[in-house]
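*Asks:*
Protein chains in written order, with the working numbering: chain A, 387 to 734; chain B, -19 to 164.
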């Protein structure tokens, strides 16, 4: 006996991992399509509408095109690192999905299956750890390209993520003091029946969402790939599916950070105006409704990501640093102190 | 310096107020504006399915005209070739033989008639020069081909469909073009 885990648990987790990873990939695929569609709506044009009904097959066509493109590895690049960059970006993007509680328990084959791959008690720290690893994909790829524009993009990405991780971490500390747990599952359970954290931490959420935009390298903070200044930024030298991986990782990151925001501040799989505790007789359907509510929240967040992208122009780099260090960090500190004071005063 | 027009506006250099420095109100305002655009009708014309109506003076590819009985109007007088500023038109004349009266309207006709569409500038002077209403500019405007030589259009490419054997295509090609006065 090497493992004290029964086989059924391993199978269950493997199935769950496959579903979540595939699900994230499909969602990311259709997020690229949705992005172009939303851009179209916001700019008074129809968006992609040629491939299939309403352009539904556009992501497939895009993917095919990327696969058939010539793969170019520059002569003076560090080849191993050049290949590693996009792989790392993709891997870290997908890894984050492991701790997200997608829903409550379902009962299948007489087994109670939690719709979460791993309920580790330091869930939110794990998310932070993996997300900050994500910048290595960009940095390594940018450095390995041996191109000054790529390097500039990589530098920007690195310093931007370091700067914004601080404010994000401090805004989370306030939330942690309030909830008293690091486990995402437990946080979601605390928020059931409408006691969402957003009501108690609006400023914290505002800081968190701004930092999430910066961490995902999304406009208005997409300086790492600012195409008007740096050609393509960190992926200037990339082509074919390696470029596809970078772009794809960005969309997966967007999906996952939407999921994190929904579970931290918006009650996760809690259905608004619906008391789950009174409907326990619905069994598995209850978990599915919860999952649906969670996905709807995620979709709304993804839409906000896009909406902001097609509204606000890119920041200048000094403005970005000014915002991060001189506005968000003091604000986050203030939020933390105010939360601590409130907890002391009201005794929670 | 004196302003050239009275529309010039002085740049405001006054420091931003607190609300302005917050940026967030401005961002929300901008987001509201873009959100409203989701519900506005978009002006796109979905090209291959929908087409924008042409102006009545639109000048597209040339067409060699026939009369109602399907006889070619062209008498190979060469006025169009002379009028052509791009020298895109060449032709060879031939005499109508007995028994060809149903093919050609007058006793002289163009045995060969070529327009080089790569030279043509679509000015419409050929149509203006023609005394027999034999050539006019249609609304076709997107010729595409694989070789340059295929852009030299010959008579088969240019002739309008026969009005008796292919009435529908003939009327479509003619469009609502008013009949031009001819000189006999």
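Even glycine gets a Cβ: it sits at the ideal position worked out from N, Cα and C.
Could you run through the segment 421 to 439 of chain A and flag, in chain order, every residue whose CB is less than 9 Å away from some CB of chain B?
*Replies:* So the list reads 424, 426, 427, 428, 429, 430, 431, 432 and 435, given in the order they occur along the chain.
*Asks:* Check whether the Cβ atoms of residue 117 of chain B and residue 42 of chain B lie closer than 7 Å to each other.
*Replies:* A contact, by the Cβ cut-off of 7 Å.
*Asks:* In chain B, what lies closer than 8 Å to residue 697 of chain A by C-beta?
*Replies:* Here the neighbours are 7, 10, 11, 13 and 14.
*Asks:* Any heavy atom of the ligand ADP within a distance shorter than 6 Å of the CB on residue 521 of chain A?
*Replies:* With respect to the ligand ADP, the structure offers nothing, as it holds no ligand at all.
*Asks:* Do you know how far the Cα of residue 602 of chain A is from the Cα of residue 472 of chain A?
*Replies:* Going from the Cα of residue 472 of chain A to the Cα of residue 602 of chain A covers about 15 Å.
*Asks:* Name the chain B residues whose beta carbon is nearer than 8 Å to that of residue 685 of chain A?
*Replies:* Those within 8 Å of residue 685 of chain A in chain B number zero; the least Cβ separation is about 15 Å.
*Asks:* In chain order, what residues of the same chain lie with their CB nearer than 6 Å to the CB of residue 653 of chain A, ignoring the 5 residues before and after it?
*Replies:* Only 577 and 582 meet the Cβ criterion.
*Asks:* With a threshold of 6 Å on Cβ separation, who are the neighbours of residue 628 of chain A within its own chain once the five nearest residues in sequence on each side are excluded?
*Replies:* Answer for residue 628 of chain A: 472, listed in chain order.
*Asks:* Please list the partners that residue 18 of chain B has in chain A, where partner means a Cβ-to-Cβ separation under 7 Å.
*Replies:* Under the 7 Å cutoff, chain A gives 427 and 428.
*Asks:* Note down, in chain order, all residues in the segment 690 to 718 of chain A with a beta-carbon under 8 Å from any beta-carbon belonging to chain B.
*Replies:* Within the segment 690 to 718 of chain A, the qualifying residues are 693, 694, 696, 697 and 698.
*Asks:* Using a Cβ distance threshold of 8 Å, determine whether the segment 39 to 53 of chain B contacts the segment 135 to 146 of chain B, with at least three qualifying pairs required.
*Replies:* A contact exists between the segment 39 to 53 of chain B and the segment 135 to 146 of chain B.
*Asks:* Using only CA atoms, which one of A:429, A:455, A:495 and A:485 lies nearest to residue 397 of chain A?
*Replies:* Residue 397 of chain A has its Cα closest to that of A:495, out of A:429, A:455, A:495 and A:485.
*Asks:* Going by other Cβ atoms of all chains shown within 10 Å of its Cβ, with 16 needed for buried, is residue 488 of chain A buried or exposed?
*Replies:* Looking at its Cβ environment, which holds 16 or more other Cβ atoms inside 10 Å, residue 488 of chain A is buried.
*Asks:* Would you tell me roughly how many angstroms separate the C-alpha atoms of residue 103 of chain B and residue 447 of chain A, rounded to the nearest one?
*Replies:* Going from the Cα of residue 103 of chain B to the Cα of residue 447 of chain A covers about 42 Å.
*Asks:* Could you say if the segment 465 to 479 of chain A and the segment 547 to 563 of chain A meet the contact criterion of at least three C-beta pairs nearer than 8 Å?
*Replies:* They do not touch, by the three-pair rule.
*Asks:* Suppose the cutoff is 7 Å on Cβ atoms and the five residues either side in sequence are ignored; what does the same chain contact list for residue 561 of chain A look like?
*Replies:* 583, 587, 590 and 650.
*Asks:* Counting contacts by CB-CB distance shorter than 7 Å, is residue 55 of chain B in contact with chain A?
*Replies:* No, residue 55 of chain B lies away from the interface with chain A (no Cβ there is under 7 Å from its Cβ).
*Asks:* How many angstroms separate the CA atom of residue 12 of chain B from the CA atom of residue 394 of chain A?
*Replies:* Cα to Cα, the separation comes out at about 51 Å.
*Asks:* Within a Cβ cutoff of 7 Å, which residues of the same chain sit near residue 677 of chain A, ignoring the five residues on either side of it in sequence?
*Replies:* Around residue 677 of chain A: 488, 489, 501 and 655.
*Asks:* Have a look at the DSSP bridge pairing and note the partners of residue 499 of chain A.
*Replies:* According to DSSP, which records beta bridges pairwise, residue 499 of chain A is partnered with A:492.
*Asks:* With a threshold of 7 Å between beta carbons, is residue 24 of chain B in contact with chain A?
*Replies:* It does: the Cβ of residue 24 of chain B has a partner Cβ on chain A nearer than 7 Å.
*Asks:* Considering only residues of the same chain and omitting the five flanking positions on each side of residue 157 of chain B, which have a CB-CB separation below 7 Å?
*Replies:* Around residue 157 of chain B: 116.
*Asks:* Just grab the DSSP bridge partners of residue 74 of chain B for me.
*Replies:* In the DSSP output, where bridge partners are listed per residue, residue 74 of chain B has B:89.
*Asks:* Using a Cβ-Cβ cutoff of less than 6 Å, which residues in the same chain neighbour residue 484 of chain A once the five nearest sequence positions on both sides are dropped?
*Replies:* The residues are 503 and 504.
*Asks:* Assess contact between the segment 29 to 41 of chain B and the segment 95 to 110 of chain B, defined as three or more Cβ pairs (one per stretch) separated by less than 8 Å. Is contact present?
*Replies:* Cβ pair count under 8 Å is three or more, so yes.
*Asks:* With three or more C-beta pairs closer than 8 Å as the rule, is the segment 565 to 580 of chain A touching the segment 618 to 627 of chain A?
*Replies:* Result no; under three Cβ-Cβ pairs closer than 8 Å.
*Asks:* Short check: CB of residue 593 of chain A to CB of residue 543 of chain A, under 7 Å?
*Replies:* Cβ distance not < 7 Å, so residue 593 of chain A and residue 543 of chain A don't count as in contact.
*Asks:* Use the C-beta contact count for residue 386 of chain A: other C-beta atoms within 10 angstroms, 16 or more gives buried, fewer gives exposed.
*Replies:* A query on residue 386 of chain A cannot be resolved here, the shown segment of chain A reaching from 387 to 734 and no further.
*Asks:* For the 8 Å Cβ check, are there 3 or more pairs between the segment 687 to 694 of chain A and the segment 628 to 644 of chain A?
*Replies:* Short answer: they touch.
*Asks:* Who are residue 84 of chain B's beta bridge partners in DSSP?
*Replies:* B:52.
*Asks:* Below 6 Å CB to CB, which residues in the same chain sit around residue 559 of chain A once its five sequence neighbours on both sides are set aside?
*Replies:* Closer than 6 Å at Cβ, skipping near neighbours: 722.
*Asks:* Would you list, in sequence order, the uninterrupted alpha helix (DSSP H) runs of no fewer than 4 residues that lie entirely inside the segment 441 to 482 of chain A?
*Replies:* List check, alpha helix (DSSP H) in window: 444 to 454 and 465 to 481.
*Asks:* If contact is defined by three or more beta carbon pairs under 8 Å, each pair taking one atom from either stretch, is the segment 78 to 88 of chain B in contact with the segment 27 to 39 of chain B?
*Replies:* Touching, no, given that fewer than three Cβ pairs across the two stretches are closer than 8 Å.
*Asks:* Are the CB atoms of residue 69 of chain B and residue 61 of chain B within a distance shorter than 7 Å?
*Replies:* Yes.
*Asks:* Who does residue 139 of chain B pair with in a DSSP beta bridge?
*Replies:* Answer by DSSP bridge pairing, in chain order: B:44.
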